[in-house]
Amino acid sequence: MDVFKIHQEVISDYANYTQSFIKIADPRISERVRSGIENGLLWPEPLLQLNPSFEPGRSIEQLVSEKLLHEECGQIFRIKSESDQLGKTLRLHRHQDQAIETYLRNEPYVLTTGTGSGKSLSYIIPAVDHVLKNGTGRGLQAIVVYPMNALANSQREELDKFLKLGFDGKELPVSYARYTGQEGTEERERILKNPPDILLTNYVMLELILTRIGEKRLVSSASNLRFLVFDELHTYRGRQGADVAMLIRRCRDAFGSKQLNCVGTSATMESAGTSHEQAQVVAEVASKIFGEHVPVGNVIGESLRRTTHELDFEIEANKVLLAQSIANEDPYSMDFQQFVNSPMASWLESTFGLTREPETNQLIRQTPKAIKGESGAAVELAELVNVSADDANAAIQRYLDGGTLEEAKNPATGFNVFAFRLHQFITRGDTAWASIESESVRTITLRGQQFVPGDRSKVLMPMVFCRCCGQEYYRIEMPKQFSDGEEIQPRENFRSSVSDDLESGYLYISTEFPWPTTESEMIPLVPPEWIEEHHGDYRIKRSQPVPQLLNIGTDGKQNPSGITAAFLKAPFRFCLNPKCKVAYNARQRSDVSKLATIGIDGRSTATTILALSTILKLRLETGLPEK
């Protein structure tokens, strides 16, 4: 599968969708928007990161043979599948091994390792081992709290693999259940009558368990609770962090367990300082949240190791070898050992995978980096070996792709040389902002800010565009008593003002089609239903919100010498451009469907477009399994 090709196609689909409803009549604004989108306004260059390799720990069989884990763990924790329910030996990473050691000392701990490091096994293995050693059916012995239901659902599927596969329908050695509010009445009652050994929930439901009368059976069943686990601990910040800290203290009081320890997992909680300094901060924060002392030594980080040989590319001889590697090697025909020995593979792992912490010389994850762009890896490689940025980009993608092929797998572990992720950030988009001047001279920017850069006498206001003709309007809030000294304010979304002093609406400025000054000139321009007959003549109904003419200076204040503008109250009732004449009835209150910004206003729409495009592209990949 060519992930770079799929990525480009998905972004192209999204670009076509977003631009399909961005209709802008003003040529200067249109060109600025087109150029901005092409240069990454809504989607910057993706960041690339290699999945690292971890230092190995002991296998489950070793821990069982050393009588550290219950012997049945040897049957449960294996690499299983539907076709191979007996499974293969599971060897732990060193950080998972350290977590089990900490559990065996009856101490709280926090695992701070990256994505794909197997954090969940660091608490699932201890929880299952504890149940096996102390007996099942003794009420809740572990509660695992997730910030999102999706994580709880995913963990239940993982537990299914370990605790169901290989037991041929026999009674499970350890019981577990999800209790998040997604369950039906029958399932909830079953859990309340027979509390499982391990409960998967979220912090809101845990709060309800403590407070609702119907869940008292769960509370009373937790007197032997050994583990209170908080997955993704870094998500609990600020007020929410304080709420969770108080929740944990109420749990301790309600459950009354003498052996309760808290466990936390987190991808990252602190990024400043050395790894030891970060661990100290994590230990302090975890101690406050858990309500028990977490020693610095119980903050368990990841122990990483390189897959390729480490080469110093400051040395001229290694630069020469790197250039020769790019010119002479075919990454698509290389086996694992050839990849490991390749200078280009070494450079890739150093650039996207691992680096050394200066203070400790310890291997840590490299910061994700873009391939393309002025500060991208392709430019860096091009300067290093004296090739073009395009050739460097092609070489990077070629080697990354080759390192994921079947031929490049490590025969000992079954893992590829490279497994990588593209992090694509996509913004829903802001809009164009412009100074209050005529179309030919106004300043246009695609980044919201208060003033024209370098000139604080000129304010900037957000613009929206008629979905029918592309006519631009300033989206503003105007003081109801627009007197001297008062100024208009930018309105950054379509919600109407809730202030008694401000009125939401749109400012229309047009040199070619200025809004007229007399009612007789306005009559042909307003919607027909606004017109009524009066004493044998026609006039605009007095109940209709006729645009109000103003003279506004570049500072947003009334100014007799300023530009003439028409203020149209929200909701947007009709387009003031006489060539358009689109109109809406009074019941159509929302302006989102009438006026466009740059990008997509709804996050759910963006998610749908991106997900659907990705799935359709993946279905066309013949080399992928059906499921």
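Each step along the sequence shown adds one to the number in the numbering used here, with nothing skipped, and position 142 is 169.
The beta carbon of each residue, even a glycine, is placed where N, CA and C say it ideally should be.
All values derive from a computational prediction rather than experimental measurement.
DSSP places Ala439 outside both helix and strand once states are collapsed to three, so it counts as coil. Runs of the alpha helix (DSSP H) spanning 4 or more residues and lying entirely within the stretch 89-163 occur at 100-103, 121-131, 148-161, in chain order.
Buried is the label assigned to Ile316, since at least 16 other Cβ atoms lie within 10 Å of its Cβ. Between Asn221 and Ser247, the alpha-carbon positions lie close to 12 Å from each other. Fewer than three Cβ pairs drawn from the stretch 405-420 and the stretch 462-471 lie within less than 8 Å of each other, which leaves the two stretches out of contact. In this structure Ile240 is exposed. Its beta-carbon is surrounded by fewer than 16 other beta-carbon atoms within 10 angstroms.
It is roughly 16 Å from the alpha-carbon of Lys115 to the alpha-carbon of Glu185. Taking every protein chain shown into account, the CB of Pro555 has fewer than 16 other CB atoms within 10 angstroms, so this residue is exposed. Rounded to the nearest whole angstrom, the C-alpha separation of Gly475 and Pro517 is 10 Å.
Around Trp542, the same chain offers Tyr535, Pro574, Leu576, Ala593, Leu603 as residues with beta carbons nearer than 7 Å, after the five sequence neighbours per side are excluded. A straight line joining the alpha-carbon of Leu637 with that of Ile33 spans about 12 Å.
Rounded to the nearest angstrom, the Cβ distance from Val60 to Leu473 is 7 Å, consistent with a contact under 8 Å. A Cβ-Cβ separation of about 7 Å places Tyr203 in contact with Leu190 under the 8 Å criterion. Judged by their CB atoms, Ala372 and Phe366 are nearer to each other than the 7 Å cut-off. In this structure, DSSP gives Tyr41 a helical state, which the three-state scheme calls helix. DSSP places Gly268 in the uninterrupted alpha helix (DSSP H) bounded by 265-282.
The criterion of a C-beta distance shorter than 7 Å is not satisfied by Gln76 and Arg333. Annotated three-state conformation of Ser47 is helix, per DSSP.
Here DSSP, grouped into helix, strand and coil, assigns Val573 to coil.
The alpha-carbon separation between Ser330 and Arg121 amounts to approximately 7 Å. Phe601 places its beta carbon 7 Å or farther from that of Lys621.
Where Tyr426 is concerned, the enclosing alpha helix (DSSP H) starts and stops at 416-429. For Pro54, the enclosing alpha helix (DSSP H) starts and ends at 54-65. Pairwise C-beta distances place the stretch 451-460 in contact with the stretch 56-72, as three or more of them are shorter than 8 Å. Shown here, Gln585 sits in a strand according to DSSP, grouped into three states. Note that the C-beta distance between Ile275 and Leu138 is not below 7 Å.
If you compare the alpha carbons of Leu96, Gly141, Ile558, Arg215 with that of Thr129, the shortest gap goes to Leu96. When the beta-carbon positions are compared, Phe540 and Val619 stay at least 7 Å from each other. Collapsing the DSSP output to three states places Gln35 in a helix. Distance between Ala269 and Leu159, taken at the CA atoms: about 34 Å. Secondary structure remark: continuous alpha helix (DSSP H) runs of at least 4 residues inside the stretch 165-239, in chain order: 176-190, 212-220, 230-238.
Put simply, of Ile225, Trp557, Met549 the residue whose alpha carbon is nearest the alpha carbon of Val256 is Ile225. Within 10 angstroms of the beta-carbon of Asn578 lie fewer than 16 other beta-carbons, which makes it exposed. Judged by beta-carbon spacing, Asp258 lies within the 7 Å limit of Thr292, meaning their Cβ atoms are closer than that value.
Scanning the stretch 318-398 for uninterrupted alpha helix (DSSP H) segments of 4 residues or longer gives 343-355, 363-367, 370-375, listed from N- to C-terminal end.
Rounded to the nearest whole angstrom, the C-alpha separation of Pro54 and Gly532 is 24 Å.
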